[in-house]
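Asks: Under my numbering, the first residue of the sequence shown carries the number 28, and numbering increases by one thereafter. No residue lacks a Cβ here, since even glycine has one placed at the ideal position from N, Cα and C. These figures come from a predicted structure and were not determined experimentally. Have a look at the structure that comes next, please.
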Amino acid sequence: MTGCFPHPHQEHHVSDHITISIIDDDASVRQALGSLVRSLGHEASLYDSAEQFLDAGAVGASNVVVTDVQMPGMNGIELQEHLRRGGHGVPVIFITAFPEETLRRRAFAAGATCFLSKPFEGDIMIRCIESALSGEPQIY
């Protein structure tokens with residue numbers, strides 16, 4: 028067995044297959060978050076748009092979705108609303124370079140786990156991922 032163990036408060040076990048889907052139109056953000064997720068022992072699936080994520084049929088395989096708010100085409104808030112309308116309760120973590128209070132409220136009203144302003148510290152993202160996996164929302 029390899030060395031990554033989940034946070035003690037998580038309900039997942041080491042043998043569980045956890046996939047974090049990362050959606051951002053900025054390749055450097057996708058790569059950095061993918062590396063962070065893999066360092067936690069989880070699989071990272073990277074997408075450059077909400078449409079690419081949906082077209083890939085990745086919703087059912089995702090334990091958590093990390094998405095940028097502002098993207099060409101469908102934005103992150105619209106993606107979350109689309110997922111909820113489709114009956115998908117996958118936890119969503121938002122990241123944005125343009126934090127607007129109205130978007131933040133809209134995201135949390137629809138069940139967002141976290142809403143982070145770029146740039147953010149890796150440990151804050153780790154706490155958000157742990158919260159998403161345990162079902163406990165965080166106000167970030």
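With DSSP as the reference, label Val41 as helix, strand or coil.
Replies: Residue confidence is low: Val41 scores 42 on pLDDT, short of 50, so the model does not pin down where it sits. Its coordinate-derived value is still stated next. Here Val41 sits in coil by DSSP.
Asks: In the DSSP assignment, find the beta strand (DSSP E) that holds Thr129 and state where it starts and stops.
Replies: Run containing Thr129: none in the beta strand (DSSP E); it sits in the alpha helix (DSSP H), 128 to 136.
Asks: Compute the Euclidean distance between the alpha carbons of Leu117 and His69, then round it to the nearest angstrom.
Replies: In the sequence on display, residue 117 carries Val and not Leu. Each residue's Cα considered, the two are about 16 Å apart.
Asks: Name, in chain order, the residues that DSSP records as bridge partners for Arg144.
Replies: Reading the sequence as shown, one finds Ser at residue 144 and not Arg. Beta-bridge pairing links Ser144 to Thr123.
Asks: Suppose you measure from the CA of Gly103 to the CA of Met152; what does that come to, to the nearest Å?
Replies: Taking the straight line joining both Cα atoms gives about 17 Å.
Asks: Label Phe125 either buried or exposed according to how many other C-beta atoms from any shown protein chain fall within 10 Å of its C-beta, with 16 as the threshold for buried.
Replies: So Phe125 counts as exposed.
Asks: Taking just the CA atoms, how far does Gly100 sit from Ala77?
Replies: About 8 Å.
Asks: Check the DSSP bridge columns for Ala54 and list the partner residues they point to.
Replies: Bridge partners of Ala54: none, in fact.
Asks: Quick check on this structure: which residue in Ser48, Phe135, Gly84, Gly149 has the alpha carbon closest to the alpha carbon of Glu108?
Replies: That would be Phe135, whose Cα lies nearest to the Cα of Glu108.
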